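Let me begin by presenting the structure, written as structure tokens, before commenting on it.
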Amino acid sequence: MKSPEPLSSLIISVSGLAFPDWAYKAESSPGSRQIQLWHFILELLQKEEFRHVIAWQQGEYGEFVIKDPDEVARLWGRRKCKPQMNYDKLSRALRYYYNKRILHKTKGKRFTYKFNFSKLIFVNYPLWDLRCPAPPLLLGAAGMCRPAVVSTGLQSEVTAGQRGMVGPA
DNA sequence: CTCGGAAGTA
DNA sequence: TACTTCCGAG
Numbered sequence: 001m002k003s004p005e006p007l008s009s010l011i012i013s014v015s016g017l018a019f020p021d022w023a024y025k026a027e028s029s030p031g032s033r034q035i036q037l038w039h040f041i042l043e044l045l046q047k048e049e050f051r052h053v054i055a056w057q058q059g060e061y062g063e064f065v066i067k068d069p070d071e072v073a074r075l076w077g078r079r080k081c082k083p084q085m086n087y088d089k090l091s092r093a094l095r096y097y098y099n100k101r102i103l104h105k106t107k108g109k110r111f112t113y114k115f116n117f118s119k120l121i122f123v124n125y126p127l128w129d130l131r132c133p134a135p136p137l138l139l140g141a142a143g144m145c146r147p148a149v150v151s152t153g154l155q156s157e158v159t160a161g162q163r164g165m166v167g168p169a
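Mapping the first sequence onto UniProt numbering, position 151 (from 1) lands on 151, and the numbers just tick up by one.
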């Protein structure tokens with residue numbers, strides 16, 4: 001069954017924070033796209049209820065540690081309807097992110113990866129409000145830490161602004 | 001554990 | 001395209 005809700009007014013509330021539905025979609029796709037793994041990881045990273053499963057690495061910019069690989073895999077598998085998911089497979093998906101420049105591995109540190117935020121957040125989360133215990137990740141760019149109450153007007157702004165590339169030098 | 005090729009799925 | 005599955009190598 002398809003959701004009949006209008007794209008403009010769907011707001012998802014998450015432990016004090018509100019996220020517009022488009023925040024869950026990838027860069028350029030107005031329609032309904034499946035959730036991305038990095039979206040999911042960021043999602044878990046925001047909720048304190050998963051702090052024992054996955055959390056930001058204190059002191060490191062955008063670095064996070066998967067404290068309970070099996071649980072993260074189980075949660076990911078549930079979201080994607082892949083009951084057979086496990087850390088071996090999930091980590092393979094994460095490794096594909098290395099070339100995509102979304103993530104990279106923190107060598108030596110077990111279950112530790114790091115986001116390449118410089119290219120990710122600004123393109124996909126123009127209004128992201130990350131108040132994680134970690135460093136002030138996205139400050140510095142245009143003031144984005146705004147209340148996530150999105151109106152219809154912002155959507156077109158986002159859709160239009162996405163092509164403003166932030167590509168490699 | 002971590003890496004990345006190769007084949008398969010939707 | 002974005003993984004999922006399987007797996008040999010380091």
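The C-beta atom is built at its ideal place from N, Cα and C for all residues, glycine as well. Only a predicted model underlies this, so the values are computations on that prediction, with no experimental measurement involved.
Can you tell me which of the three DSSP states residue i falls into?
i           : result
residue 113 : strand
residue 39  : helix
residue 65  : strand
residue 105 : strand
residue 139 : Reliability of the predicted coordinates at residue 139 is poor, the pLDDT of 34 falling under 50, and no value is obtained from them.
Please confirm whether residue i and residue j have their CB atoms less than 8 Å apart.
i           : j           : result
residue 101 : residue 114 : no
residue 112 : residue 43  : no
residue 97  : residue 38  : yes
residue 94  : residue 72  : no
For residue i, which option in the options has the closest C-alpha, if you only look at C-alpha atoms?
i           : options         : result
residue 40  : 78, 58, 84, 61  : 78
residue 53  : 67, 103, 104    : 67
residue 172 : 99, 75, 33, 60  : Here the chain has residues from 1 to 169 only, and residue 172 is not among them.
residue 107 : 80, 65, 69      : 65
residue 35  : 92, 104, 81     : 81
residue 99  : 45, 69, 56, 116 : 116
residue 70  : 58, 50, 57, 56  : 50
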